[in-house]
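Notes follow the structure.
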Amino acid sequence: MTAPRQADPGYNFAYLDEGTKRMIRRAILKAVAIPGYQVPFASREMPMPYGWGTGGVQVTAAILGRADVLKVIDQGSDDTTNAVSIRAFFARTAGVAVTTRTADATVIQTRHRIPEAPLHAGQVLVYQVPIPEPLRFLEPRETETRQLHALAEYGLMHVKLYEDIARHGHIATTYAYPVEVAGRYVMDPSPTPKFDNPKMDDCPALQLFGAGREKRIYAVPPHTRVRSLDFEDHPFRVQRFARPCALCGAGDVYLDEVLLDDAGGRMFVCSDTDHCEGRRQAAGDAR
Amino acid sequence: MTEPLLRVRGLTKHYGPRLGCAEVSFDLDPGEVLAVVGESGSGKSTLLSLVATELAPDSGSVGYRMRDGVTRDLAALGEAERRALLRTDWGFIRQDAALGLRMAVSAGGNVGERLMGKGDRHYGRIRGTALDWLAKVEIAPDRIDDPPSRFSGGMRQRLQIARNLVTEPRLVLMDEPTSGLDVSVQARLLDLIRGLVAELGLAVVIVTHDLAVARLLSHRILVMRAGRVIETGLTDQVLDDPAEPYTQLLVSSVLAA
Amino acid sequence: MTPPPDATPALEFREVAKSFTLHLRGGARLPVIAGASLSVHPGECVVLGGPSGAGKSSLLKMAYGNYRCERGAILVRDGAERVDVVRAPPRRVLALRRSVISYVSQFLRVIPRVGAREVVAAAGREGGLTPDRAAARAAELLARLNLPERLWDLPPATFSGGEQQRVNIARGLIADRPLLLLDEPTASLDARNRAVVVELIRAKQAAGTALLGIFHDSDVREAVATRVVDVAGFRERHAA
């Protein structure tokens, strides 16, 4: 963990001006009050391109306090370009403490993963969302998708799953797998693998979702029922990996395939780098 | 005498200063097929849109006898109720299949959508029902996973029919369902529609400019001109012994109806 | 064979008048028939006589509701009720066609893709027969009318005029409706098949059906008519 330091005095705390942060907080409060509902907000231009997490960054900026400890992951990893840049961005503009340890963080901004270690009460998980509308690929009209949400007409969502089974024999959607939140709104959990879907259910942490280009914020409050959609005869299942992590030996985690050489050598390792390191360290300590 | 299934009263619609249709009234009983004929611009498509509640009338009303036997004014239904009615108890076969189908979704998904919409969550049963309906509309079972973008015009219309009838609606609206198709394809489609309408006892409002279609399918006919109904009655009576000058012109203008 | 005077006729024309207004020919009015009154009782076969153009066919079409009627009434008995076809709403006329009136025209209006036997059986089902009964009777009628069995499952669109006409007759006769209107049903038939139609008509008559018909052939007419009514008498009377 890197300790808090002096923020760059050229910026307002956490980059955004206070008026903007209040506006975003109001959107967040509404999103928390209506779990799974997409709240429009006046997304700002950020000093990074769309698709690099402008939505998540704005949500993080709006909720960050001086005492917070920030962790940023991209595909589970703390050390990819995107994660490093966003962490550096807030270290500079807010001067907050940053960490790679899931357990130590109070705010975790993520792209495409939920950490393996169970989250605890008081933590906030901020998702970067490219396309917030789960019905978008089947229904291009925004007016119509809003109606569908308003009236809870979600037959169309099952059409997508039907198409999967018809084409592949099983539900082949492996990420951005649609969920029903608190028995009401159907929500896109962002492009996280469906492996992570069960972690969203009854989670003690607050989950916030920010889509910068699409100007939407939505939320799953702590301990909310999150159910993955499925068919009676094709129930929701998470993918299983044939072998454990090549580095730490974990068998119940999400693995990334890593190419080792040009000869086709490869290994499967934990996508959550912090989790993997933690396990290896614990194994070393025990020895 | 029981209440009619559909009760249309005084439907009037202007587009700015231009008249869409004026003072159209009719009743439709269960199992009855009503053809609305006229040239393009006669107001027949406006009438159908008003009945389908896709357009709001300037005045007039559409009453529908719900499954509980109570006739309700459709304008007074809540949005959720209206939409639920439209996707379960009604069907709408459109001239342009691309507007009535999801072109990127497989035939099976197109047929299954209404079932999933009303809460069916068993893939095997949904697919089984879709296969039954594809057979009824003469689409080979091995086409179930093909999207309609790969279907011919006639097949698309047949798929549209299956997609609409799968929830066993009581009322089906049809807007020129056979126009733009080859004559032989038209004949096959008409025969299919005729059979299904009789077998399922559907009430149908069909808009067509083709008097032969009206004769083959409908019991009664409304002749529209310049937004108004100018003649109405038994289909064969109106076509064989037309009273109005315009209807006589219309009947005499076709080669064989 | 005079019916008892108190019996209600199956069909009664009362002072019926009909003309066509041809709007496409400057509104020219073409008088067809006027002051037509006649009754048909159950078990009777009334044949309409008179020159062509006298309005025989129009009378049948008016009784079936296919043509409008300008003046007068056309009463059709439906059980205990008498329905005026001229004033009845379309639904009532359709109901009469389902359960009371059969109409055999000269021409079969072919339906694409439907086989001959099914065309006939469907008419039977519409007339209230069970599907099994309709199928059996359709086969029986087509056989009696000498339609080769190899044609039964083919659509009649490709048949000869005489073959189509026999399908049409089978279609018109399959159901047991109390009133039968026949518009030159034997027009394009050979002697052998004409004889079959005569037998079928007599059987209907014997079963109590009321028949009103137009027959071009005098031998058929004489074989089936209980009475001939000359339509030439139903003309507009002009002031002298």
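Chains as they are written, first to last, in our numbering: chain G, -19 to 267; chain Y, 4 to 260; chain D, -8 to 231.
We put the beta carbon where it would ideally sit given N, CA and C, even for glycine.
Being a predicted model, the structure only gives us computed values, none of them experimental.
Those residues which DSSP pairs with residue i across a bridge
i	result
G/N(-8)	G/Y(-5)
G/T0	Per DSSP, none; premise fails for G/T0.
Y/H17	Y/L22
G/S57	G/D54
G/P20	G/R196
G/C250	G/L235
D/L13	D/A19
Euclidean distance between Cα positions of residue i and residue j
i	j	result
D/A129	D/G153	17 Å
D/E109	D/A126	8 Å
G/E(-2)	G/S251	36 Å
G/V238	G/Y157	24 Å
G/L99	Y/D135	49 Å
D/T106	Y/A79	Rather than Thr, the amino acid found at residue 106 of chain D in this sequence is Gly. C-alpha separation (whole angstroms): 47 Å.
Y/T74	Y/L162	31 Å
G/A130	Y/S256	50 Å
G/L235	G/A97	14 Å
D/A230	D/A8	In this prediction, D/A230 has a pLDDT of 44, which is less than 50 and means its spatial position is unreliable; what the coordinates show is noted afterwards. Using only the alpha carbons, I get a separation of about 17 Å.
Y/V216	G/A152	45 Å
G/P27	G/E194	17 Å
D/L66	D/R73	6 Å
Y/R146	Y/V200	24 Å
Y/A229	Y/G13	15 Å
G/L270	G/L9	A query on residue 270 of chain G cannot be resolved here, the shown segment of chain G reaching from -19 to 267 and no further.
D/S151	D/T(-1)	41 Å
D/R16	D/C60	21 Å
D/R157	D/I92	19 Å
Y/R128	G/H214	12 Å
Y/R85	D/H207	59 Å
Y/G157	Y/A190	10 Å
Buried/exposed call for residue i, threshold 16 Cβ in 10 Å
i	result
Y/R151	Going by the sequence as given, residue 151 of chain Y is Pro instead of Arg. Looking at its Cβ environment, which holds 16 or more other Cβ atoms inside 10 Å, Y/P151 is buried.
D/F98	exposed
Y/P20	exposed
G/A22	exposed
G/F117	exposed
D/T149	exposed
G/T272	Outside the shown range of chain G (-19 to 267) lies residue 272 of chain G, about which nothing can therefore be said.
G/P114	buried
D/P122	exposed
Y/Y126	buried
G/P29	exposed
Close Cβ partners of residue i (< 7 Å) along its chain, the five nearest in sequence each way excluded
i	result
G/I66	G33, V37, V52, Q89
G/N62	W32, G33, D54, R91
D/G18	T12
Y/S221	V36, L37, A38, I209, T238
Y/A260	Note on Y/A260: pLDDT 46, under 50, position unreliable in the model; the coordinate value appears next. Around Y/A260: L214, A215, R218, L242, V254.
G/D(-12)	R72, T73
Cut-off 8 Å between Cβ atoms - residues of its own chain near residue i, not counting five sequence neighbours on either side
i	result
Y/V39	K47, L50, L51, V208, I209, V210, T211, I224, L225, M227
Y/Q98	D178, E179, P180, S182, G183
G/R81	M(-19), K51, D254, G258
D/R78	A64
D/V211	T177, R185, V188, V189
Y/P172	T91, D92, W93, G94, L205
G/L136	L115, L118, E119, L128
Proximity test, Cβ basis, 8 Å: residue i and chain C
i	result
G/L131	In the displayed structure, chain C is absent; the protein chains listed are G, Y and D.
Cβ neighbours of residue i in the same chain (closer than 6 Å, five flanking residues each side left out)
i	result
D/S96	D174
Y/T170	T91, R117
D/D(-3)	Note on D/D(-3): pLDDT 48, under 50, position unreliable in the model; no value is reported.
G/A42	K1, I4, R5
G/A7	V19, F21, I197
D/A223	G41, A45
Exercise. Below 8 Å between beta carbons is the criterion; list the residues of the stretch 16 to 46 of chain Y that meet it against any residue of chain D, in chain order.
Key: D32, E35
Self-check item: Short-range partners of chain Y found in the stretch 56 to 67 of chain D, where Cβ spacing is below 7 Å
Solution: The residues in question are G56, N57, Y58, R59.
Quiz item: Using a beta-carbon distance cut-off of less than 7 Å, what residues from the stretch 76 to 91 of chain D approach chain Y?
Solution: P81, R82, V84, L85
Self-check item: Where the stretch 103 to 116 of chain D meets chain Y: residues whose CB sits under 7 Å from a CB there
Solution: Answer in chain order: P103, R104, V105.
Quiz prompt | Chain-ordered residues of the stretch 138 to 150 of chain Y with a beta carbon less than 8 Å from chain G | solution = Within the stretch 138 to 150 of chain Y, the residues whose Cβ lies closer than 8 Å to some Cβ of chain G are I147, D148, listed in chain order.
Quiz item: Which of the residues in the stretch 14 to 48 of chain D, read from start to end, lie with their CB under 9 Å from any CB of chain Y?
Solution: H14, L15, G18
Exercise. Would you list, in chain order, the members of the stretch 223 to 256 of chain Y that have their beta-carbon closer than 7 Å to a beta-carbon of chain D?
Key: R223, G236, L237, D239, Q240, D243, D244, A246, P248, Q251, L252, S255
Quiz item: Which of the residues in the stretch 98 to 125 of chain Y, read from start to end, lie with their CB under 9 Å from any CB of chain G?
Solution: R105, A107, V108, S109, G111, G112, N113, G115, E116, R117, L118, M119, G120, K121, G122, D123, R124, H125
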